[in-house]
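Residue numbers (my numbering), protein chains in the order written: chain A, 543 to 812; chain B, 840 to 947.
Contents: one structure, followed by commentary.
Next up, the structure:
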């Protein structure tokens, strides 16, 4: 049995509803009905522990990647405080790696900003998808939650939300523990940079391995598989023949469109 | 680069990263996107990951030429098999790193 709650968009207080029942008309326009899953957590004392349990694979994966980024930043001549500052202000692994590489190559500020924007535009979809599970929350809380949306926290939180036994506090715990691990491990990497030789223990491969695993976990059916193949082919050709970093956006948009029309064709001929 | 250069760079990067994370949550939380857009957007994560991986796996990035049989690609195969078997992000990252490290030691 699903439960129905009345939430005010700016104020999640059910008592307000009881208090203001004589103003039914006003309330009806101000409140939205939100359906929550029947298995939503009842006990609210274990939110941190459950959030931490869900977050640990992310944190575990972030440590080598964060260390690698810190080391690369150090070798590119970026000071330790700047590496920490970047992790706090940006908090996006792949964009930070690309930024370090572009700084080393002497890229301009606008080129780095544009690339960062394009690379992180994918979070738009994740934010849209996760919004469904967080409706009715105060906008201030939503704005804080948005900061922690990454490929990894999104994947973990969406899986939990779909199972039903998940809420805002647990999801935010996943986001913020991942964030803290990321800031600490990039800082440690930058501090230890001069002691670790470049590429030691395969750190150069950490991000590639993470992308490979994340990719594999998302190949739910043939249309995703086809999208991936198209993206690999288009991105390789685009990268070989067109200078710059436009291949990321160009190949992604083309491949997603191919996958989209394949899915439509498939749905129509079922 | 001094403090203000880094502040401008990372502040700008932070802003362009935060906006796509924030806008849908802030404005679309109670709206419904058209189905075609949801379908199209659902293809984006796979497409982006493959686009990012393609040059790493199939090209020599120092001079932008096609290079099949790279260590990165050879290591990717057991890494993917491990990910398929364990479904664990953290350990897959470590196994991939370990395999890459070992193949660098032995294949050179």
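Just so you know, even glycine gets a beta-carbon here, dropped at the ideal spot from N, CA and C.
Indicate the three-state DSSP secondary structure (helix, strand or coil) for residue i in the structure shown.
i: residue 899 of chain B; result: strand
i: residue 905 of chain B; result: strand
i: residue 647 of chain A; result: coil
i: residue 675 of chain A; result: helix
i: residue 663 of chain A; result: coil
i: residue 691 of chain A; result: coil
i: residue 887 of chain B; result: helix
i: residue 707 of chain A; result: coil
i: residue 842 of chain B; result: helix
i: residue 634 of chain A; result: coil
i: residue 681 of chain A; result: helix
i: residue 784 of chain A; result: coil
i: residue 579 of chain A; result: With a pLDDT of only 44 at residue 579 of chain A, under 50, the local geometry of the prediction cannot be trusted, and no value is derived from it.
i: residue 616 of chain A; result: helix
i: residue 863 of chain B; result: helix
i: residue 924 of chain B; result: helix
i: residue 765 of chain A; result: helix
i: residue 942 of chain B; result: helix
i: residue 805 of chain A; result: helix
Leaving aside the five residues before and after residue i along the sequence, list all residues of the same chain whose C-beta is less than 7 Å from its C-beta, in chain order.
i: residue 921 of chain B; result: 931, 934
i: residue 669 of chain A; result: 688, 691
i: residue 905 of chain B; result: 897, 898
i: residue 653 of chain A; result: 644
i: residue 599 of chain A; result: none
i: residue 630 of chain A; result: 725
i: residue 661 of chain A; result: 636, 637, 640, 790
i: residue 592 of chain A; result: 712
For the candidate residues the options, whose alpha-carbon lies nearest to that of residue i?
i: residue 720 of chain A; options: A:699, A:733, A:657; result: A:699
i: residue 885 of chain B; options: A:783, A:779, A:764, A:788; result: A:764
i: residue 827 of chain A; options: B:901, B:880, B:894, B:911; result: This structure gives no information on residue 827 of chain A, because the portion of chain A shown stretches from 543 to 812.
i: residue 728 of chain A; options: A:695, A:592, A:601; result: A:601
i: residue 606 of chain A; options: A:619, A:782, A:745; result: A:745
i: residue 862 of chain B; options: A:710, A:603, A:612, A:682; result: A:682
i: residue 883 of chain B; options: A:631, A:609, A:726, A:769; result: A:769
i: residue 613 of chain A; options: A:761, A:760, A:625; result: A:625
i: residue 603 of chain A; options: B:912, B:854, B:927; result: B:927
i: residue 792 of chain A; options: B:889, B:866, B:845, B:873; result: B:889
i: residue 715 of chain A; options: A:695, A:701, A:655, A:732; result: A:695
i: residue 856 of chain B; options: A:621, A:693, A:650, A:673; result: A:693
i: residue 650 of chain A; options: A:808, A:809, A:786; result: A:786
i: residue 801 of chain A; options: B:873, B:944, B:877; result: B:877
Compute the Euclidean distance between the alpha carbons of residue i and residue j, then round it to the nearest angstrom.
i: residue 623 of chain A; j: residue 616 of chain A; result: 10 Å
i: residue 929 of chain B; j: residue 713 of chain A; result: 19 Å
i: residue 881 of chain B; j: residue 875 of chain B; result: 10 Å
i: residue 756 of chain A; j: residue 847 of chain B; result: 32 Å
i: residue 804 of chain A; j: residue 798 of chain A; result: 10 Å
i: residue 633 of chain A; j: residue 596 of chain A; result: 19 Å
i: residue 635 of chain A; j: residue 783 of chain A; result: 27 Å
i: residue 594 of chain A; j: residue 925 of chain B; result: 20 Å
i: residue 951 of chain B; j: residue 796 of chain A; result: Given that chain B is displayed from residue 840 to residue 947, the structure contains no residue 951 of chain B and the question cannot be resolved.
i: residue 859 of chain B; j: residue 664 of chain A; result: 8 Å
i: residue 912 of chain B; j: residue 758 of chain A; result: 15 Å
i: residue 718 of chain A; j: residue 811 of chain A; result: 45 Å
i: residue 845 of chain B; j: residue 774 of chain A; result: 34 Å
i: residue 851 of chain B; j: residue 761 of chain A; result: 33 Å
i: residue 655 of chain A; j: residue 702 of chain A; result: 33 Å
i: residue 806 of chain A; j: residue 671 of chain A; result: 20 Å
i: residue 871 of chain B; j: residue 734 of chain A; result: 48 Å
i: residue 686 of chain A; j: residue 843 of chain B; result: 25 Å
i: residue 867 of chain B; j: residue 697 of chain A; result: 20 Å
Who are the near neighbours of residue i in its chain, counting only those whose CB is closer than 6 Å to its CB and skipping five residues on each side?
i: residue 658 of chain A; result: 637
i: residue 841 of chain B; result: none
i: residue 581 of chain A; result: Low confidence applies here, because residue 581 of chain A scores a pLDDT of 48, under 50, leaving its location unreliable; read the following figure in that light. Cβ within range, chain order: 706, 707.
i: residue 493 of chain A; result: With chain A covering only 543 through 812, there is no way to say anything about residue 493 of chain A.
i: residue 642 of chain A; result: 614, 615, 618
I'd like to know whether the C-beta atoms of residue i and residue j end up nearer to each other than 8 Å.
i: residue 772 of chain A; j: residue 789 of chain A; result: no
i: residue 781 of chain A; j: residue 894 of chain B; result: yes
i: residue 676 of chain A; j: residue 667 of chain A; result: no
i: residue 849 of chain B; j: residue 722 of chain A; result: no
i: residue 887 of chain B; j: residue 587 of chain A; result: no
i: residue 946 of chain B; j: residue 910 of chain B; result: yes
i: residue 766 of chain A; j: residue 891 of chain B; result: no
i: residue 619 of chain A; j: residue 731 of chain A; result: no
i: residue 737 of chain A; j: residue 936 of chain B; result: no
i: residue 864 of chain B; j: residue 751 of chain A; result: no
Ordered along the chain, which non-local residues of its own chain (more than five positions away) have a Cβ less than 8 Å from that of residue i?
i: residue 938 of chain B; result: 914, 917, 918
i: residue 749 of chain A; result: 607, 610, 635, 636, 639
i: residue 943 of chain B; result: 910
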